[in-house]
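Working notes, beginning with the structure itself.
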Amino acid sequence: MPHSKSAKPRKNKLIRDSYAMPEAEYAQIAQLKQRLLALGESVKKSELLRAGLAQLASLDDAALQEAMAGVERIKTGRPAKKA
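Oh and the sequence shown: position 26 is 26 in the numbering used here, straight run, nothing missing.
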């Protein structure tokens, strides 16, 4: 009898990235994690950010534009080196 391999579901490739955000918004991540802990849910920062993306993706175009209008544009890149 030939040996057959069971088909394993393929894992999604994980991408590592870095980004910048204002300190107050970064603090909101910790606040949301604490709220979820109080509700009995322990989540990772990446899970919280992915949940936010899922919510944005579910918005219609007008609601998405409205949500993005409330986000401050920040200058990206590394700070200049001191001499």
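From the three backbone atoms N, C-alpha and C, an ideal C-beta is built for every residue, glycine too.
Among the options, whose alpha-carbon lies nearest the alpha-carbon of residue i?
i: D17; options: D61, S46, A80 and A69; result: S46
i: Q20; options: D60, T76 and L37; result: Note that residue 20 is Ala in the sequence shown here, rather than Gln. The option with the nearest alpha carbon to A20 is T76.
i: Y26; options: L37, A57, L49 and A7; result: L49
i: E72; options: P22, I15 and R35; result: P22
i: V43; options: A54, A30 and L53; result: A30
Grouping DSSP H, G and I as helix and E and B as strand, with all else coil, what is residue i?
i: M21; result: coil
i: L32; result: helix
i: K45; result: helix
i: L14; result: coil
i: R73; result: coil
i: Q40; result: Sequence inspection shows Gly at residue 40; the Gln mentioned does not correspond to that position. Coil at G40, not helix or strand.
What residue does the alpha helix (DSSP H) around residue i start on, and which one ends it?
i: A7; result: First-last for A7: undefined, no H or E at that position.
i: D61; result: D61 to A69
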